[in-house]
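A.B. asks: Let me begin by handing over the structure; questions about it come next.
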Amino acid sequence: MALNLTRRNFLKTASLAAASVPLSKVVAKAEPGVTKTPLIPPGSFKDTKTVTGGVCEMCFWRCQLVGKVRGDRLVKLEGNPKSIDNGVNLCARGNSGIKLVYDPDRLKYPMKNVGKRGAPKWQKISWEEALDTCAKKLSATIEKYGPKGIGVWYHGASAHYPTAFFEYLGVPNMYEPAFYQCRGQTAMAMMQTLGFVPNEDVDMPNSKAMLLVGCHIGENIHLSHVKNFLKGLENGSKVVVVDPRFSAAAAKAHIWVKIKPGTDTAFLLGLMNYMFVKDIYNKEFAKKHCLGLKKLKNHVAEWTVEKTARECDIPASQIVEVAELLCKNAPHVSVHPGRHAAWYGNDYQRVRANACLTALLGAMDCPGGIIRIKRMSTGHVHWPEVEHEEDSEEFALAEMEEKYPFRPPGTPSELMRDTMISGKPYPIKSMVIWGTNSIKTMPDQKRTMKALANMDFIMVTDVTPTDITMWADILLPEACYLERYDHIEKGTQWNQADKPQQFIAARMPLVEPMFERRDPVWIINELAKRMGHGKAIPVKNQVEFVDHQLAKVKLSIAKLRKLDGIYIQPGESPYLKPGEEPEFDTDSGKIELYSEALEDEDFPGLPTYVPTSEPPAGYARMIYGRSPVHTFNRTANNAWLAREMPENPLWLNDELAKEMGIKDGDRVFLENQDGKRSASSTVVKVTPGIRKDCVYIAHGYGTFNKAMSVAYNKGIDDNSLNTRINREGETGISGMRINFVRLIKDGKIVNIPARD
Amino acid sequence: MQYGMIIDLDRCVGCHACAVACRAEWEIPVQFARNWLRRLGPANTPHGLAATYYPGLCNHCDKPSCVEACPADPVIMTFRDAKTGKTRKMEVAATWKDPFNGTVQIDKERCLGCGACADACPYGARYVNPDLADDESEGKADKCTYCMPRVAVGLQPACVQTCLAEARIFGDLDDPNSEVAKYVKKGAVGLSSKNVQIGPNSRYYGNKKDMALLMTQAPKEMPEANLRRSMLASIIRPMEKQAGSLGLMGVAGALLVKSMQEDEKE
Amino acid sequence: MALYLLYYPSMELNGDSYINDDSCEQDPRSDLFSFFALLMRYPEESFFDDELLDALKGLLDYCELNIPLAGLNEWQDDRDAHQLLKEVQVAYTHLFINAAPHVIAPPYASVYMDGDGDLQGSTTEKIRDFYRQHGLDVVQQGEPADHIRFQLECIAALFADDQEKAAVTFIRTLLYPWFCRFYERFNKEPRHPFYEASLQLIHTIVKEEQ
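Printed below as a string of structure tokens:
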């Protein structure tokens, strides 16, 4: 067959190829040939250099890291030996950060969706085109609807600079899951009661007793927090864990209160009542510092030991045992404030009860109690204050609807979603989604998709192609935490009883970002320029962004580099000195056991128990928690972590399992009260360590879409079964443990028998 | 000197950091592992409801069954005591117990990849990586080395270094003042059972109920030494080098192959 | 199958070409592999045109790969130049860059050779070492050195430089082992006729050079 080819054909194309040949001639080295792969990997300490300045973001605790780099390759992450927080330790996720850097699935280039939202066809485009499009679309939305026409969903350190920009633009609709699906109430109810937010500043190592309500330390891993817990145990602290399940914390506890789900507030009220009745609470502290003591005493009087025991389905003797234990050891008692609080939709009241109990014990500002740790503070980067045609505060949805007066900062996700769908009170037409997978985060996935379908334009910035990226019109690839400068971590030595020290560690890249990944400061500045706000840009680049904040404490990136990434100075003990009186920044200046502000808004002025709904016959409540090797669904694609716990086993009570004919290791699907079935299955873990009225799985697993089922995406997506939500009146936060499930095995429904 | 590892279950929270740090340190492909973390319970024990963890690794046993199983041609190796500089010559196959520090190591160059050592270990601590097969082997065996290369330069084993609970303690069991020796005195034990008594030097310590739960993980029986497999390996390999084809081995060889296939079917 | 190309030595060379006058003597496989490298680049308007498609079809025809050739013809028939380019850009993105939740067939050796399927593995280092040992190095920042187009360019450069033995060694020991696995993975998914054709062609040639 005669060849129709001419060399000419090749010439043109070859010359084009040549014009951009990515290989250059260099001086040849040594002998040609193929190097043999060593049979034994050399280990991270061989032929590597140690790069300091890493600050982890596999979760949000932000341990300080160093990287071991061989050539251009990051081969291992380790704790920074200079760290007084995590030291050389790192948890499973911290160690696995490398897999994120070199994950072949990570977003690499800006892309445009030329298919459908939810079923995308991505086309790689240039940054030029991507940013031009985003700027054009967002400007058009502002032009037509005002800045309130834009909504922002965000999470994590990389979103700080972007959100500041959108606030400057006057966008009132900003939501982050940390508050509205997680710990909003823990902050707000504490603030309302104590006048400060303890977060997790609770002095466990130096306590004589601890009360953990739901807190499953050990399955949740915040590194130095776990160290605190273990130190307390080592020092002889008596631990009480209140949980329907024998959690990792319960496994180390002295007393496990196997409480009925949803009744924790009643338990706390019952404890307080017993303390009042027996007169064993910290009278001196309470009288001096609390407002509404008598009111509280009368209010909890109905919660006798018997009534509480019945409601919580626990032995009356346990209530007595716990109350006595806490009072005997007051004030050196760690009443853990909790973190994730979005349980049943009655959670603000529970946190109020928690705060009141802490106050009755006087367990604050002293060894073992909740403490106000003194950390350094750094500056802020501000975009200029501008006058907007519309005052953004006026258009805060919750304000307009006169709802959720005690809500955390930002816009309640439910309200934003409602508005996106209805267009009332005004249209939200463009979305900016930064570093959060809203599909796995917000309950009622269908509603989220409906809201997104209504948008004129959706811009998403992320690191991996999570579910939400399938809804992006323009998808931007971000540099991950090991490849950028942003967060500044400020803390102290992990044990408050040790010599007081304070530290600052600013995140620095350990490697250069590959492909065309960019940092958020660059992305936003480019966007700002194209939207006509070039002159307002406060910092030129990410280094300046951090240096600007460090300037307040006379530090800089360059200085920190010389200090191996961490600056340390003498600190201040958080404990009150003898004679020193605590201050409470509330309206009354005292701890508000009774809150007039709450009553004014028609909420109970005293912590009140609101029962949650019962599972219908044949179903059990689905409760969820954390896996120690995952951070929500962020880490699902990480091969090392997925290998450690490939799926989320369903915890089922052993006696129930026997009745149901279910064996340990059986594979099941779940179906909820609304008939929604899980898209994937999991294995059953039959155990005596859980009540009969609930089943438990770890959050963050499972595919959302059957068609996407691949090797590592095993287990069940608990959020897909959260079709029923219960918005709390005080905060607008939805409870998520109010969905009930039954099992499906081999295609057949297996009901969960009613308890006697 | 006998290196040993202690795992304190009172402290261990089952965070899996040890398993990941080891993998990161030694670039272990994700389908294999030099160490592991198994989550145990909650389950009823004679001392109450317990939930704990089994952080497992090679036990560098006193009487390692893996060493006996290796069919590679023995050679004389010279061992050197890192402390005193003394040397000693020993005839070893491709895996041995170091006469000076008590750890069990593998010579990857001479390993045939037959898997006999992995089969012989009651703890499942070894694996064979077939991707490393070459002209002389079917793959390479691998396992925890107690991080001897790290220890040699003054570092802790990777798993010990990363443990946020300080639940892993490493040192010389023969030194009465070491932490590990003190733990043994307190009652730290290895995962032995009635029929498996090969002297594990990775030991566990914890309260009664946790230890009761942990001990359910101790292997009940020694694996049946897969003699046919190691014998086959030691016969076929050298013969292959000469003959170049299985068919030339003759009837005896064919019979061996057949019976090995039957074994595998069982 | 030896590969013969007909030359027209009297033809003028393209003025922009970097190939010098006596490159008519150059091993034709150099241009062939350069061409392959081009096929494995993200398609841009500057080079993705009828000439490229013609060249591809010609080679397919020569190698008697009639089925992908027919597929290519059918696809090209119905569409204008703009549509063709956009489609291949989408296809390239989906196959080789990003797809939810996993990219289909990332074209990097380390993904197939280094245990865990990550980028920047030990194979990447090995391949980069090979480039350097033969007087070449990757200048483009941001892409791992074992992207298939760099490997194909390397082979082209070696052929151009009369280093046949090195080129064949590279193909045999560094390219082919992972390319097979990559090709297998690619074949498991529905694929665009342009890439079906390109990869089948590359596979056929590379296999022959074994």
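In order, the protein sequences belong to chains A, B and C. In terms of numbering that gives the first Met the number 0, the first sequence has 450 at position 451, counting the first letter as 1, and numbering is strictly consecutive. In terms of numbering that gives the first Met the number 0, the second sequence has 88 at position 89, counting the first letter as 1, and numbering is strictly consecutive. In terms of numbering that gives the first Met the number 0, the third sequence has 106 at position 107, counting the first letter as 1, and numbering is strictly consecutive. For each residue, glycine too, the CB sits at the ideal point set by N, CA and C.
Tell me which residues of the segment 87-106 of chain C have at least one Cβ-Cβ distance to chain A shorter than 8 angstroms, keeping chain order.
C.D. replies: Q88, V89, Y91, T92, H93, I96, N97, A98, A99, P100, H101, V102, P105
A.B. asks: Would you call the segment 507-526 of chain A and the segment 144-155 of chain A in contact, with 3 or more CB pairs under 8 angstroms?
C.D. replies: Segments in contact, no.
A.B. asks: Fully enclosed by the segment 302-350 of chain A, which alpha helix (DSSP H) runs are 4 residues long or longer?
C.D. replies: 304-311, 315-328
A.B. asks: Looking at chain A, is there any beta carbon in it that lies within less than 8 angstroms of the beta carbon of L200/C?
C.D. replies: For this step, residue 200/C is matched to residue 201 along the third sequence. It does not; no Cβ of chain A falls within 8 angstroms.
A.B. asks: Cα-Cα, which of H159/A, E582/A, K123/A is closest to G194/A?
C.D. replies: Translated into the one-based positions of the first sequence, residue 194/A becomes position 195. Put simply, of H159/A, E582/A, K123/A the residue whose alpha carbon is nearest the alpha carbon of G194/A is E582/A.
A.B. asks: Tell me F169/B's beta-bridge partners as DSSP assigns them.
C.D. replies: The count along the second sequence starts at 1 and reaches residue 169/B at position 170. As a beta-bridge residue in DSSP terms, F169/B pairs with M4/B.
A.B. asks: With respect to the alpha helix (DSSP H) encompassing G55/B, which residues constitute its N-terminal and C-terminal limits?
C.D. replies: Walking along the second sequence from the start, residue 55/B turns up at place 56. Element bounds for G55/B: not the alpha helix (DSSP H) but the beta strand (DSSP E), 47-56.
A.B. asks: 8 angstroms is my cut-off, CB to CB: does D115/C come that close to chain B?
C.D. replies: By 1-based counting over the third sequence, the position of residue 115/C is 116. Judged by the 8 angstroms Cβ criterion, D115/C is in contact with chain B.
A.B. asks: Rounded to whole angstroms, what's the CA-CA distance from G291/A to I487/A? Just pull it up for me.
C.D. replies: Here residue 291/A refers to the residue found at position 292 of the first sequence. Here residue 487/A refers to the residue found at position 488 of the first sequence. Computed Cα separation, rounded: 40 angstroms.
A.B. asks: If you drop the 5 nearest sequence neighbours on each side, which residues of the same chain put their C-beta closer than 7 angstroms to that of F46/C?
C.D. replies: For the purposes of this step, residue 46/C is taken as the residue at position 47 of the third sequence. If we look at F46/C and ignore the five residues flanking it on each side, its Cβ neighbours are L37.
A.B. asks: Please give me, in chain order, every unbroken run of the beta strand (DSSP E) with length at least 3 that falls completely inside the segment 191-225 of chain A.
C.D. replies: DSSP runs (the beta strand (DSSP E)) wholly in the segment 191-225 of chain A: 208-212.
A.B. asks: In chain order, what residues of the same chain have a beta carbon less than 8 angstroms from the beta carbon of P366/A, not counting five sequence neighbours either side?
C.D. replies: As a position in the first sequence, residue 366/A is number 367, starting the count at 1. Same-chain partners within the cutoff: D202, N205, S206, H331, Q495, A496, Y574.
A.B. asks: Distance, Cα to Cα, A329/A vs A352/A?
C.D. replies: For the purposes of this step, residue 329/A is identified with residue 330 of the first sequence, where counting begins at 1. For the purposes of this step, residue 352/A is identified with residue 353 of the first sequence, where counting begins at 1. One C-alpha to the other measures close to 17 angstroms.
A.B. asks: Against K85/C, what residues of chain A qualify as contacts under a CB-to-CB distance less than 8 angstroms, listed in chain order?
C.D. replies: Here residue 85/C corresponds to residue number 86 of the third sequence, with the count starting at 1. Simply V113, Q122.
A.B. asks: Answer yes or no: do Q548/A and R483/A have a C-beta to C-beta separation smaller than 8 angstroms?
C.D. replies: As a first step, residue 548/A must be located in the first sequence, where it is residue number 549. As a first step, residue 483/A must be located in the first sequence, where it is residue number 484. The beta carbons of Q548/A and R483/A sit no closer together than 8 angstroms.
A.B. asks: Using the C-alpha atoms, what's the distance from D115/C back to G3/B?
C.D. replies: Within the second sequence, residue 3/B is the residue found at index 4, counting from 1. Within the third sequence, residue 115/C is the residue found at index 116, counting from 1. The alpha-carbon atoms of G3/B and D115/C are separated by roughly 31 angstroms.
A.B. asks: Quick check on P129/B - is its C-beta less than 8 angstroms from some C-beta in chain C?
C.D. replies: The residue labelled residue 129/B in the question sits at position 130 within the second sequence. No, no contact with chain C.
A.B. asks: Once you ignore the five residues that flank F228/A on each side, which residues in its own chain have a CB closer than 6 angstroms to its CB?
C.D. replies: The sequence position of residue 228/A within the first sequence is 229, counting from 1. If we look at F228/A and ignore the five residues flanking it on each side, its Cβ neighbours are M203, I216.
A.B. asks: In the DSSP assignment, what are the bridge partners of A697/A?
C.D. replies: Along the first sequence, one-based indexing puts residue 697/A at 698. Note: A697/A sits in a beta bridge opposite G624/A.
A.B. asks: Please compile the residues from chain A whose C-beta is within a distance smaller than 9 angstroms of the C-beta of R167/B.
C.D. replies: Position 168 of the second sequence holds residue 167/B. Residues of chain A passing the Cβ test: none, with the nearest at roughly 11 angstroms.
A.B. asks: Identify each residue in the segment 15-28 of chain B for which the Cβ-Cβ distance to at least one residue of chain C is less than 7 angstroms, and report them in chain order.
C.D. replies: P28
A.B. asks: Looking at the C-beta of Y194/C, does it have a partner C-beta in chain A at a distance below 8 angstroms?
C.D. replies: Translated into positions along the third sequence, residue 194/C becomes position 195. No, Y194/C lies away from the interface with chain A (no Cβ there is under 8 angstroms from its Cβ).
A.B. asks: Going along chain A in order, which residues have a C-beta closer than 8 angstroms to the C-beta of T51/B?
C.D. replies: Along the second sequence, one-based indexing puts residue 51/B at 52. A250, listed in chain order.
A.B. asks: Is any beta-carbon of chain A found at less than 8 angstroms from that of C143/B?
C.D. replies: If you number the second sequence from 1, residue 143/B lands on position 144. Not closer than 8 angstroms to any Cβ of chain A, the Cβ of C143/B fails to qualify, so no.
A.B. asks: Considering only their Cβ atoms, is the gap separating Y593/A from K327/A smaller than 8 angstroms?
C.D. replies: The count along the first sequence starts at 1 and reaches residue 327/A at position 328. The count along the first sequence starts at 1 and reaches residue 593/A at position 594. Against a cut-off of 8 angstroms, the Cβ pair of Y593/A and K327/A comes out as no contact.
A.B. asks: Name the chain A residues whose beta carbon is nearer than 7 angstroms to that of N194/B?
C.D. replies: Numbered from 1 along the second sequence, position 195 holds the residue referred to as residue 194/B. What N194/B touches in chain A: nothing, since even the nearest Cβ is about 25 angstroms away.
A.B. asks: Exposed or buried, A80/C, counting other C-beta atoms within 10 Å across all chains shown (16 or more means buried)?
C.D. replies: As a working mapping, residue 80/C is identified with position 81 in the third sequence. Burial call: exposed.
A.B. asks: Excluding sequence positions up to five away, which residues of its chain have a Cβ less than 7 angstroms from the Cβ of D97/B?
C.D. replies: Here the question's residue 97/B lines up with position 98 in the second sequence. If we look at D97/B and ignore the five residues flanking it on each side, its Cβ neighbours are F78, Q104.
A.B. asks: If you draw a straight line from the C-alpha of C11/B to the C-alpha of T51/B, how long is it?
C.D. replies: As a working note, residue 11/B is residue 12 in the second sequence. As a working note, residue 51/B is residue 52 in the second sequence. Straight-line Cα distance between these residues: approximately 8 angstroms.
A.B. asks: Could you check the C-alpha separation between K206/C and R148/C for me, to the nearest Å?
C.D. replies: Start at 1 with the first residue of the third sequence, and residue 206/C comes out as number 207. Start at 1 with the first residue of the third sequence, and residue 148/C comes out as number 149. Rounded to whole angstroms, K206/C to R148/C spans 17 angstroms at the Cα level.
A.B. asks: Does chain E have any CB closer than 8 angstroms to the CB of E643/A?
C.D. replies: Looking at the structure shown, chain E is missing, and the protein chains on hand are A, B and C.
A.B. asks: Go ahead and label T630/A buried or exposed: buried means 16 or more other beta carbons lie within 10 angstroms of its beta carbon, across all protein chains shown.
C.D. replies: As a first step, residue 630/A must be located in the first sequence, where it is residue number 631. That one is buried.
A.B. asks: Tell me whether the segment 110-128 of chain A and the segment 86-96 of chain A touch, counting them as touching only if at least three CB pairs, one residue from each stretch, are closer than 8 angstroms.
C.D. replies: no
A.B. asks: Less than 8 angstroms between CB atoms is the rule here; does G624/A satisfy it with respect to chain B?
C.D. replies: Counting from one through the first sequence, the residue named residue 624/A turns up at place 625. G624/A does not count as touching chain B.
A.B. asks: Roughly how many angstroms lie between the CA atoms of V700/A and V225/A, to the nearest whole one?
C.D. replies: Locating residue 700/A in the first sequence gives position 701, counting from the first residue. Locating residue 225/A in the first sequence gives position 226, counting from the first residue. Residue identity check: residue 700/A is Tyr in the sequence provided, not Val. In a straight line, the C-alpha of Y700/A is about 23 angstroms away from that of V225/A.
A.B. asks: Q1/B: buried (16+ other C-beta within 10 angstroms of its C-beta) or exposed?
C.D. replies: In the second sequence, the residue the question calls residue 1/B occupies position 2. Answer is buried; the Cβ neighbour count reaches 16.
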